[in-house]
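Take a look at the structure below.
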Amino acid sequence: MSVMSFLGAIGAAQKEAMDADERVIIIGEDVEANVYGTTGGGKTRQETGDFVQMYGRNRIRNTPISEEGIVGAAAGAAMTGLRPIVDLSYSSFLYMAMDQLVNQVAKNRYMFGGQASMPAVFRSAMFYGLNTGAHHSDRPYPMFMNAPGLKIMVPSTPSDAKGLLRTAIDMNDPVLTFEACILWGLKEEVNDDEFWIPFGVARTHREGTDVTIVAISSSVHEALAAATELETEGISVEVIDPRTLVPLDKRAILNSVAKTGRLVVVEPAHRTCGAAGEISAIVAEEVFDSLKAPIIRITAPDMQIPFSPSLEKQMYPNKQDIVAAVRKITQKDKERVLA
Amino acid sequence: MSVMSFLGAIGAAQKEAMDADERVIIIGEDVEANVYGTTGGGKTRQETGDFVQMYGRNRIRNTPISEEGIVGAAAGAAMTGLRPIVDLSYSSFLYMAMDQLVNQVAKNRYMFGGQASMPAVFRSAMFYGLNTGAHHSDRPYPMFMNAPGLKIMVPSTPSDAKGLLRTAIDMNDPVLTFEACILWGLKEEVNDDEFWIPFGVARTHREGTDVTIVAISSSVHEALAAATELETEGISVEVIDPRTLVPLDKRAILNSVAKTGRLVVVEPAHRTCGAAGEISAIVAEEVFDSLKAPIIRITAPDMQIPFSPSLEKQMYPNKQDIVAAVRKITQKDKERVLA
Amino acid sequence: MATLSREQKIEAQRRMLRIRAFDERASKMVKRGHIPGTVHTSIGQEAQVVGATMALGEKDYMSGNHRSHGHPIGKGSPLGPLMAELQGKSTGVCQGKGGSLHLADFNVGSLGESGIVGSSIPIAMGAALSSQVLGRDTVALAFFGDGAANQGVLYESMNMSGVWNLPVIFLCENNQYALSTPAHTVTSGVIAERAAGFGIPGIRVEDGQDLLAVFDAVSTAVERARRGEGPSLIEVVTYRYNEHSEGLRLGTDYRPADEREAWLKKDPLVLFREHLISVEGFSAEEMDALEAEILAEVDAAVAFSENSPWPDPSVGFKDLYTDSEYAA
Amino acid sequence: MATLSREQKIEAQRRMLRIRAFDERASKMVKRGHIPGTVHTSIGQEAQVVGATMALGEKDYMSGNHRSHGHPIGKGSPLGPLMAELQGKSTGVCQGKGGSLHLADFNVGSLGESGIVGSSIPIAMGAALSSQVLGRDTVALAFFGDGAANQGVLYESMNMSGVWNLPVIFLCENNQYALSTPAHTVTSGVIAERAAGFGIPGIRVEDGQDLLAVFDAVSTAVERARRGEGPSLIEVVTYRYNEHSEGLRLGTDYRPADEREAWLKKDPLVLFREHLISVEGFSAEEMDALEAEILAEVDAAVAFSENSPWPDPSVGFKDLYTDSEYAA
Ligand SMILES: Cc1ncc(C[n+]2csc(CCOP(=O)(O)OP(=O)(O)O)c2C)c(N)n1
Ligand SMILES: Cc1ncc(C[n+]2csc(CCOP(=O)(O)OP(=O)(O)O)c2C)c(N)n1
Ligand SMILES: [Mg+2]
Ligand SMILES: [Mg+2]
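Chains as they are written, first to last, in the numbering used here: chain X, 59 to 397; chain D, 59 to 397; chain U, -19 to 308; chain E, -19 to 308.
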């Protein structure tokens, strides 16, 4: 075990995978200079070691700014023997490669009757909350959840980032990772050995009996803080992080709501057609009879992200919103209805 | 009034708008030869008149196959005085222009503090159910619902297509239309005069008291057929077509569910993060206390679309699925819970 | 000048005949409703297709587009499973899940035809990247049309493969139309000449009905690629005899009436048959026999397909991912 | 050879000085946390920016990229609202909603800078389309970098505007790096030479520090466009003195140490000051006064911004659509 940042954990998983399998390559803009800090080779960004020195330019591919071409090349490479990790830097740039991601990466295996497999990982970071303005603040994972054929991970801790990314790289299906940039600096003890966290297995960060909170990406930490505050009021909150959205661990969510009878879903994406709506709909269909109160979503509004610090901060779910929502649905039913 | 097909109604709305405002232009692949049947000028495809003859090549712009460039050009043109109607033919091609649609068309007005407006319409047809295979069968409107700044219409009848499209063209915000190709041949009496149907106003096709069905695009017709069948069993079904998904007429849906206490949502898009999930989540949050039964979604599965007729037909919601779902949630509560 | 041996020439004619016979049959089947949806034939473009595929080795890769049957047939794919795919049968090369637009036969290096114009171009570049990284000597070729040549991804691919010296050939089938749109009305400049700005060779084969000319140009590019000298762009001028897709009826006459007549006089199958007789000394009878043999092959392919069962509905829920079936 | 009058030359130097002073101040403010996020300066590229914008008329349009302040300043936008935008103040040119990356000032024809590399190129083409359809005589110019020159949409735009003869100029600011990536490692061929394949003129201005050379090249393209003869591509070779963005620290030395020194010797502001003195006969004192005037202008812009209020939180929920406010 050693202390790793979220970013360092991503670097570590990439390094392990590069060492373990010669077919793994890294391809993307500015990966050679380690601009985004995950191709430096170490546990943290500062640590010595440089991927180009370690693996050479044959496997570390610094690309032109051509997202569509890059993703297409990775798709073709994945179908013919390589296992590319594509570094797309910001999630806002995925749209540039949307045709390749949806029409080729997601569809080829199915369309060709299973002849192809597509072992590729497409990494990108969601830079919300950092005053980067509307062009650099997207959190578009829900769009990709609507495209069958892709798998999606949204880790919220360094350990999860390392273990899930390793699984993603070793997997034979295409995976999109969405890394919350505000978590990059988060540190914790992480296993130095190789380990793999399975997809489709949620992590229950905290058990509780009154309310289930399903939280995604950075919202997990807001939810945990809210749970701590609510505990002092005698409200027992269960906090679940699905960790992967495709596949989604429905069982864990449904079992929890069956127990608590109340659900709040928190995520940083836009509200309409987001992951929170999906989880709400699953619950409203499958464990309706256990529900004691409305299902509340706490999300970013259906608004683009403004630049000014005085405008941006109100755009994402925070602890206070979560606390308020939980209080509301744990009031006695009568009060709630009257409220 | 005269009998118009769905496709003819689209052509008629385009013609009216071209006549009314010189700033309206049509831009897209093969629009000159009227390949997709909506630039022929008449009420039906066959009718005499040809947009190129009527309006000239200055306003009818046959383009290269360059979706990203086309959409970007339309965006720039819309910001500087034109009102482009962009014909993108198949909805599956939208991904090619995704960056322009999400990063420019949807964001510019907001990012620039209201300096720009973006009066452009992006038409595309969803070709599902016609054995065109995975590359031509997308129904991607839910993805765009997750991108604030776009408006979205999904008409299900010729009259609605004409009135909504006219509103879209005359509107100062960008609109995406998703036309179900299987409805193109549908005919009905349509007002020959100019008329405008407001966005954000659902159409209640049928009133009922036991169950609300919200149905989207071609699913409206499946829902109506199901309602007729259920009537013979004594089940009274209300069928609502939102007609526009952004803005969404929440009020109409919530009022209906408050009355019936039961909701089934039907749509042809993939299930996860679809419009059905969104509508379910709104209802589960806002009128929970009226709900008497689980909310059921009937959608395409999270699967790509196979080519073979023996495989494809099972992929879309049909009348029987709807009937079965309604029966299930109208059973007495006890039976339902045991079932 | 790269050329073909006598046996290779016969094999080339065999493949051209296969494409013609297969597509003519498919056209009829679409019109009679025996093939669902539609198909895009390569009739008239056989020399361009086979001239290119004959220049590739068995292990070389290839990606293609909606005008899709010629490419795998040219690469040596057996006809039965292709026809079964067109009909959506369980024995189809993609189990009936792809259809005409999405033929793929990994056994012959066919990485898939694409219904999205331009979208499969970088796929071939990716296959070339695999070859380079893994130290294989395979090359990859991307087929696309004059219409697709206006999709930006082609230039991203030319640039990236140029920088990396990837063994890939960009083969533009310029049949002078993109659906109803004449190429000259939507193409600024000359496609082949676009290569120079990206630092790679650009060749224009003016007579794409001449199989040997196409073979020569593509062979040169393939050898170059195999030597590690990087990509090439080849534009081949050709013509499709049929409508854009079978069954399509357009109100407008976007092609001059006499144009097709003129191109019919340069039918690549007739031209190459004459070459085989006059230059290689085959007899007309031998050529007739070959043609009959191919018709029988197509008959057998259709019979194979007709006798094949429909895929079981459950197949529609398989193969999305490698590790799990769909569970609704 | 298009050239500038004496007054225009002073105006050009004024604009270059504005860009330099504005960006130097912005750089400091970022490092002190007085500007949120980061900024990308045009320091070192002033001649290339102003040479281009001086060739445009007031009503002409322009789109740009992340290296964003020079473009509107060069086009004549007042500094106060630009600085306020960088700080996220309510008096910002975009009400604080855009920030450095998304400056736009429709009053001077600035249709918006874009944080997405390459994405604003077709926007300029669209503005040119408006001009053509509506019979206006305005032209449009798209600024983008050497990195953006590898985005496919540039070639789609060159082709489409070539076919339609649109009055648009594609102006590549080749500062030889895209973030940490040297252009020559990711660019196959020569950017300016890519125009030929798309049937449009491609000009390479080798000395982009020479304002008059840039002005001449762009003026020629603008006149051509205004005459209805269509688009041009102009590649200007230049250099940025600062890091890609202010505050960025990279582990690697991707630029040779002496390279910057060499370019500093060709500082466009110094060169043009010398030109104004030696050729136009201005005195050193006059030049000093101009420089002082501009510093004062920037001081005033900063004061304007500092004294401006933050936008009210409700502003964050306005302007998404024209017809409605957001109702949660
Ligand atoms: C991205 C995309 N845009 C548009 C289409 C519709 N479409 C299918 S084929 C075609 C014409 C293609 O022309 P070309 O590339 O020259 O190939 P050809 O059919 O002539 O062989 C068009 C516009 C499509 N399938 N994909
Ligand atoms: C589509 C997209 N890809 C990547 C980036 C990240 N990025 C921002 S600026 C930049 C380099 C741009 O280089 P160039 O176009 O030469 O402009 P310069 O910064 O040199 O002026 C990169 C890679 C981005 N903003 N958008
Ligand atoms: Mg063609
Ligand atoms: Mg640069």
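Here a beta-carbon is modelled for each residue, glycine too, at the ideal position from N, C-alpha and C.
Values in this document were obtained by computation on a predicted structure and should not be read as measured data.
Rounded to the nearest whole angstrom, the C-alpha separation of residue 133 of chain X and residue 167 of chain X is 11 Å. Taking a beta-carbon distance threshold of 8 Å, residue 191 of chain D counts as an interface residue toward chain U.
Contact of residue 194 of chain X with chain D is not assigned, every C-beta pair being separated by 8 Å or more.
A Cβ-Cβ separation of about 7 Å places residue 122 of chain E in contact with residue 148 of chain E under the 8 Å criterion.
It is roughly 40 Å from the alpha-carbon of residue 282 of chain X to the alpha-carbon of residue 233 of chain D.
Not a single heavy atom of ligand 2 lies less than 7 Å from the C-beta of residue 145 of chain X. Contact with chain E is absent for residue 325 of chain X, since none of that chain's Cβ atoms lies less than 8 Å from the residue's Cβ. Here residue 285 of chain X is near residue 271 of chain X, since their CB atoms are less than 8 Å apart. Excluding five sequence positions before and after residue 64 of chain E, the CB atoms of its chain that fall closer than 6 Å to its own CB belong to 71, 72, 285 and 288, given in chain order. Residue state for residue 34 of chain U is assigned as coil, using DSSP reduced to three classes. Below the 8 Å Cβ cutoff, chain U contributes no neighbours of residue 148 of chain E, its closest Cβ being approximately 12 Å away. C-alpha of residue 264 of chain U to C-alpha of residue -6 of chain U: approximately 15 Å in a straight line.
Look at the beta carbons and you see the region 229 to 236 of chain E touching the region 83 to 99 of chain X: at least three pairs across the two are nearer than 8 Å.
Distances from the CA of residue 301 of chain X to each of X:295, X:310, X:330 and X:113 were compared; the closest alpha carbon is that of X:310.
C-alpha of residue 133 of chain E to C-alpha of residue 222 of chain X: approximately 35 Å in a straight line.
Sequence-distant partners of residue 362 of chain D (beyond 5 residues in either direction) whose C-beta falls short of 7 Å from its own C-beta, in its chain, are 192.
Counting the other CB atoms within 10 Å of its CB gives residue 125 of chain D a total of 16 or more, which places it among the buried residues. For residue 97 of chain E, the shortest separation between its Cβ and any heavy atom of ligand 2 lies below 7 Å.
When E:-13, E:-2 and E:-18 are compared, the shortest CA-CA separation from residue 280 of chain E is found for E:-2.
DSSP lists D:233 as the beta-bridge partner residues of residue 209 of chain D. In this structure, DSSP gives residue 282 of chain D a helical state, which the three-state scheme calls helix.
The beta-carbon of residue 102 of chain U is placed less than 8 Å from the nearest beta-carbon of chain X.
Leaving aside the five residues that flank residue 226 of chain X on each side, the residues in its chain whose CB is nearer than 7 Å to its CB run, in chain order, 179, 211, 233 and 235. Taking the C-beta atoms as reference points, residue 328 of chain X is found nearer than 8 Å to residue 206 of chain D. At a cut-off of 8 Å between beta carbons, residue 313 of chain X makes no contact with chain U. Against residue 362 of chain D, the close residues of chain X are 164, 165, 168, 169, 206 and 207, in the order they occur along the chain (beta-carbon pairs closer than 8 Å). DSSP, reduced to helix, strand and coil, places residue 140 of chain E within a helical segment of the structure shown.
The alpha-carbon separation between residue 386 of chain D and residue 295 of chain D amounts to approximately 14 Å. Look at residue 159 of chain U: its beta carbon is less than 7 Å from one of the heavy atoms in ligand 1. Contact annotation: the region 182 to 194 of chain U touches the region 27 to 38 of chain U, with at least three C-beta pairs closer than 8 Å. Ranking U:97, U:120 and U:142 by CA distance to the CA of residue 131 of chain U puts U:97 first. According to the DSSP secondary-structure assignment, residue 159 of chain D is paired through a beta bridge with no residue. When C-beta distances to chain E are compared with 9 Å, the residues of the region 125 to 146 of chain D below that value are 125, 126, 127, 128, 129, 130, 131, 132, 133, 134, 135, 136, 137, 138, 139, 140 and 142, in chain order. Boundaries of the alpha helix (DSSP H) around residue 311 of chain X: 308 to 318.
For residue 126 of chain U, the shortest separation between its Cβ and any heavy atom of ligand 3 lies below 7 Å.
For a cut-off of 8 Å, the C-beta gap from residue 80 of chain E to residue 19 of chain E is around 4 Å, short enough to register as a contact.
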